[in-house]
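> For what it's worth, my numbering labels the leading residue of the sequence shown as 44, then goes sequentially.
My questions all concern the structure below.
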Amino acid sequence: MKSTPVFSLLAFLLFSPAAVLSAEPTGSVVCEGRYPHHLQGVCIDDNAIYWSFTTTLVKTDFDGKVLQKIPVVNHHGDLCHSEGKLYVAVNLGDFNNPKGEADSWVYVYDAESLKEIARHEVQEVFHGAGGMGVREGHFYVIGGLPEGVDVNYVYEYDGDFNFVQKHVIESGHTLMGIQSATFAHDRWWFGCYGSPPTLLITDGDFNMVGRHSYNCSLGIEELSEGRLLAASGECQQGRGCSGRVRIVIPDEKLGLKDAPADSE
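What follows is the structure, encoded as structure tokens:
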């Protein structure tokens, strides 16, 4: 009987589908526990999902089991992950004030331990920092918007949080601005409140591609193979607030839609 070369056997074990470890969620995930304030955003790395519940930062595995959680200042918004760190948009002032009475920051946490490691002022975010994304080493902060303003703003910073420029999205008005953001599959995806909630899609230069009635205002994140992760949640008096993510795919008519079960 011919023996199997050791290298071939190792290659089979390392690269066969059964042996490859998942580097992202493979289906819908419910965050363990309930929290005093509602979900504001989510992001992932190769090992965990990170959930920003306004005053609680939570780290779970891909099954939703809590690995760590810490109390944080009100108001922690949407967040992103880059090179082992979490970057969270934080407003300590008044959102959506026409006079710009916000107090806008980005708080930085070690993704492994959730230890706070830095704070950066982003006071250019005039109506309140509510969310952020990262692209090619630059950070993009979005946030509040007063009534009567028919565009949205994206504030770009370099890797050291030096202000680069303010981008204008010709989106029309969205309620309280933009709440969640991610750059994925050559597009920016922005989740907004409203009745119905609104999804804005732009190209990489913030030119409008689409505006749809779709709710990803509680979080939107990139996945592989053209898919994304959209967050949802609900609050009940006396019981607190929950969080959930599900896999979605782009749709020309709807903007996004739930991915078929066999693609999760």
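Ideal Cβ placement from N, Cα and C applies to all residues, glycine included.
Quick one: using the 10 Å Cβ neighbour count with 16 as the cut-off for buried, is T83 buried or exposed?
According to the sequence provided, residue 83 is Gln. The question's Thr does not apply to it. Flag for Q83 reads buried.
> Strictly by DSSP, which residues pair up with A172?
Residue pairing of A172 in beta bridges, as defined by DSSP: G186.
> Taking the alpha carbon of E67 as the reference point, which residue from P239, A161, D89, V151 has its own alpha carbon closest?
D89
> According to DSSP, simplified to helix, strand and coil, what is A154?
coil
> Residues in the same chain with beta-carbon distance under 6 Å from E167, minus the five sequence neighbours each way, listed in chain order, please.
Y198, F206
> Which residues does DSSP list as the beta-bridge partners of Y196?
V211
> Evaluate contact between the segment 231–249 and the segment 203–219, counting only Cβ atoms and requiring at least three cross-stretch pairs below 8 Å.
Touching, yes.
> By DSSP's criteria, A274 is part of a beta bridge. Which residues make up the other side?
Beta-bridge pairing links A274 to V288.
> Consider the Cβ of N205: report whether some Cβ of chain D lies at a distance smaller than 7 Å.
Protein chains in the displayed structure number just one, and chain D is not present.
> Out of S125, M219, A91, G191, which one is the CA nearest neighbour of D106?
A91
> Residues in its own chain within less than 7 Å of L266 by CB, not counting five upstream and five downstream?
E67, L272, I290
> According to DSSP, is A132 part of a helix, a strand, or is it coil?
Residue state, collapsed to three classes: strand.
> Does A91 come out as helix, strand or coil in the three-state DSSP assignment?
coil
> Which residues in the same chain as P141 place their Cβ atom closer than 6 Å to its Cβ, once the five residues preceding and following it in sequence are excluded?
P189
> From V73 to T103, what does the alpha carbon distance come to, in whole angstroms?
10 Å
> Rounded to whole angstroms, what is the Cα-Cα separation between F312 and V177?
Shown here, the chain extends from 44 to 307; a query on residue 312 therefore has no answer.
> Are the beta-carbon atoms belonging to I221 and N250 less than 7 Å from one another?
no
> On the three-state DSSP scale, how would you describe A304?
helix
> When burial is assigned at 16 or more other CB atoms within 10 Å of the CB, is I113 buried or exposed?
Taking all protein chains shown into account, I113 has fewer than 16 neighbouring C-beta atoms within 10 Å of its C-beta and is therefore exposed.
> Which one of V115, T98, E144 has the shortest CA to CA distance from K158?
V115
> If you run the structure through DSSP and keep just helix, strand and coil, what is G191?
coil
> Assign D294 to one of three DSSP states: helix, strand, or coil.
DSSP places D294 within a strand segment (E or B) once states are collapsed to three.
> Would you kindly report the start and end of the unbroken beta strand (DSSP E) that includes C235?
230–235
> Just to check my reading of the structure: A274 and G262 have Cβ atoms closer than 8 Å, yes? What is that Cβ distance to the nearest angstrom?
3 Å
> Could you compute how far the alpha carbon of Y130 sits from the alpha carbon of G234?
Using only the alpha carbons, I get a separation of about 18 Å.
> Could you pull out every residue in the same chain whose Cβ sits closer than 8 Å to the Cβ of G269, ignoring the five residues on either side in sequence?
If we look at G269 and ignore the five residues flanking it on each side, its Cβ neighbours are H228, I292, P293.
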